[in-house]
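Per this note's numbering, the sequence shown runs over residues 54 to 282.
What follows is a single structure, written as structure tokens, with notes after it.
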Amino acid sequence: MADDATGSSTALSIQGEAQQETGRVRASDEDVDLYVDGVSDEVLACRERGRHLFPTIRQAGIHFHGVDREGMLLRRLVCTCCLLAVKVEKWEGVRAGSRTRFRRVASNLEYRTGNDGEVYLAPSGRGHMTPRQIGDSVASKALAGQSVTALRKAATKAAAEAAAEKAAADKAAAEKAAAKPVAEPATAKPATAKPAAAKPAAAKTAAKPAAKAAAKPRSTRVRSAKGTG
Numbered sequence: 054m055a056d057d058a059t060g061s062s063t064a065l066s067i068q069g070e071a072q073q074e075t076g077r078v079r080a081s082d083e084d085v086d087l088y089v090d091g092v093s094d095e096v097l098a099c100r101e102r103g104r105h106l107f108p109t110i111r112q113a114g115i116h117f118h119g120v121d122r123e124g125m126l127l128r129r130l131v132c133t134c135c136l137l138a139v140k141v142e143k144w145e146g147v148r149a150g151s152r153t154r155f156r157r158v159a160s161n162l163e164y165r166t167g168n169d170g171e172v173y174l175a176p177s178g179r180g181h182m183t184p185r186q187i188g189d190s191v192a193s194k195a196l197a198g199q200s201v202t203a204l205r206k207a208a209t210k211a212a213a214e215a216a217a218e219k220a221a222a223d224k225a226a227a228e229k230a231a232a233k234p235v236a237e238p239a240t241a242k243p244a245t246a247k248p249a250a251a252k253p254a255a256a257k258t259a260a261k262p263a264a265k266a267a268a269k270p271r272s273t274r275v276r277s278a279k280g281t282g
């Protein structure tokens, strides 16, 4: 097969691509450019990303579309980006106590032809195309007609402008912080003497007669003795 399926669950790094390419024929830059010219942006997105975008079970639910010879339940998912890759999953159900536990035991990729005749895989004989090659080709086409010297000047100018904007923003933030009034610490209010608690009215009323009685002198009566005749 001229091209491999890029529907792996994880994208390969450049080092990973080099390891995977061992013993395989790598596509030439010219063949990659021809391929990039003939496919849609959505296909290029999956190619450059190095993987497809399939909906999760939460997003799409889980529905089965057939049963294979081994009795496995078949579930098919279409890539939401390129619409050309189909992931075929094999599921089995195992009884565990009072419930059935479902698990995915295998999956593989299939590719279909689009409505306009578009295909995902490169034609036979062009070799293996990596995500890095696809990205390099897309970038080269986007920058066509621009010299490296001009790009360096533009990049240097952009870096200087970004640094100036950052310096201006930092200066404005510092000036704003310096101009902000500093809140004075709250001073404790002097303690004021509390007025003596008023005595209850009943206590005042009872105290008045007692005071009068204490102020009045006590008189003694002398009884005269009667004579006996």
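In this text, a Cβ means the ideal position worked out from N, Cα and C, and glycines have one as well.
Note that the coordinates shown come from a computational prediction; the quantities given were computed from them, not determined experimentally.
Following the DSSP letters along the chain, one finds E145 inside the beta strand (DSSP E) bounded by residues 138 to 149.
Distance from the CA atom of G178 to the CA atom of A197, rounded to whole angstroms, is 27 Å. For V131, no alpha helix (DSSP H) encloses it; the enclosing beta strand (DSSP E) starts and ends at 126 to 131. For L97, the enclosing alpha helix (DSSP H) starts and ends at 94 to 102. Per DSSP, the continuous alpha helix (DSSP H) segment holding A216 begins and ends at 201 to 232. Proximity of the stretch 147 to 158 to the stretch 177 to 194 falls short of the contact definition, fewer than three beta-carbon pairs being nearer than 8 Å. Under the 10 Å beta carbon count, T109 is surrounded by fewer than 16 other beta carbons and is classified as exposed. Excluding sequence positions up to five before and after S160, its CB lies within less than 8 Å of the CB of K140, V141, E142, K143, all in the same chain and listed in chain order.
The Cβ atoms of C135 and F107 do not sit closer than 8 Å to each other.
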